[in-house]
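The sequence shown begins at 21 in the working numbering and counts up one residue at a time. Glycine included, each C-beta is placed from N, C-alpha and C at the ideal position. As structure tokens, the structure follows; a few thoughts come after it.
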Amino acid sequence: MAVIVIIEEYAYMKNGIIFDLDGTLWDSAETVTRAFNDEIKNYDDVDYTLTEEVLKSQMGKTAEDISKVFFPNTSRERAMELMKICDNRECRYLSEYGGKLYPNLEKTLGELTEKGITLYIVSNCGEDYIKAFFKAHNLAKYFTDTECHGGTGLSKGENIKLIYERNNLDRAVYAGDTQGDCDASHFAGIPFVWAEYGFGHVNSADYTINRIDDILKIAENIFR
21 MAVIVIIEEY
31 AYMKNGIIFD
41 LDGTLWDSAE
51 TVTRAFNDEI
61 KNYDDVDYTL
71 TEEVLKSQMG
81 KTAEDISKVF
91 FPNTSRERAM
101 ELMKICDNRE
111 CRYLSEYGGK
121 LYPNLEKTLG
131 ELTEKGITLY
141 IVSNCGEDYI
151 KAFFKAHNLA
161 KYFTDTECHG
171 GTGLSKGENI
181 KLIYERNNLD
191 RAVYAGDTQG
201 DCDASHFAGI
211 PFVWAEYGFG
221 HVNSADYTIN
231 RIDDILKIAE
241 NIFR
């Protein structure tokens, strides 16, 4: 009888995978760079041209941190104003043109949900950025909940904890591509899956995937 109880409790555990966005689910660098440069050329007080290489080096950081790299010679207030202006244009561009989804992304999301694993996004982006991702690629149907720095003002680790607690998860992992993602995952107290194909390098990942559909095997091992 005790064995039956254990099996029943196990069967009803709520399992989740919380994803980072940039460098994990898609590569939006080409579209974002074009949007940024199309917008910033309108301002006489800024002499800067963004490259995809520089943008990718800043992926995963908050707008405040990125503004110091993009606009080092302006006041904090002006830098954040420019970031907001550029963010609005990039979200419009992304909604229309989208980004580059990693191979087999939608198929993988579908298979995970079919297995009863709930999916989430936590990113350091603004609120409209995730909406643009959903609108361009029609992927909102796979995700139960999302959170971002632009919505809460919290760190990524705090937002991961928020998603975990708000959705009453029993077990979860966070999948991302940078050391900051790894640190945030461990801050939240859950294992980290490193998307090695993304933009960053990680020293202390719990699991590593070389392509997005590798996470299916990780999920089978963790949630079995």
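A direct Cα-Cα distance of roughly 27 Å separates D201 from T69. Taking a C-beta distance under 7 Å as the contact criterion, E147 and C106 do not qualify as a contact pair. If you keep only unbroken alpha helix (DSSP H) runs of at least 4 residues inside the region 27 to 72, you get 49 to 60.
Short of 7 Å from the beta carbon of G171, and not among the five residues preceding or following it, lie these beta carbons of its own chain, in chain order: E147.
Straight-line measurement puts the Cα of D233 at about 24 Å from the Cα of Y117.
Judged by their CB atoms, A192 and G36 are nearer to each other than the 7 Å cut-off. Taken in chain order, the complete alpha helix (DSSP H) segments of 4 or more residues contained in the region 121 to 164 are 125 to 134, 147 to 157. Between A55 and R244, the alpha-carbon positions lie close to 44 Å from each other. Here I86 has Q78, M103 as same chain residues with Cβ atoms under 8 Å from its own Cβ, once five neighbours each way along the sequence are excluded. Judged by pairs of C-beta atoms under 8 Å, the region 109 to 123 touches the region 43 to 54, as three or more such pairs exist. Counted as a single uninterrupted DSSP element, the beta strand (DSSP E) harbouring R191 occupies residues 191 to 196. With a threshold of 16 other beta carbon atoms within 10 Å, K127 falls short and is exposed.
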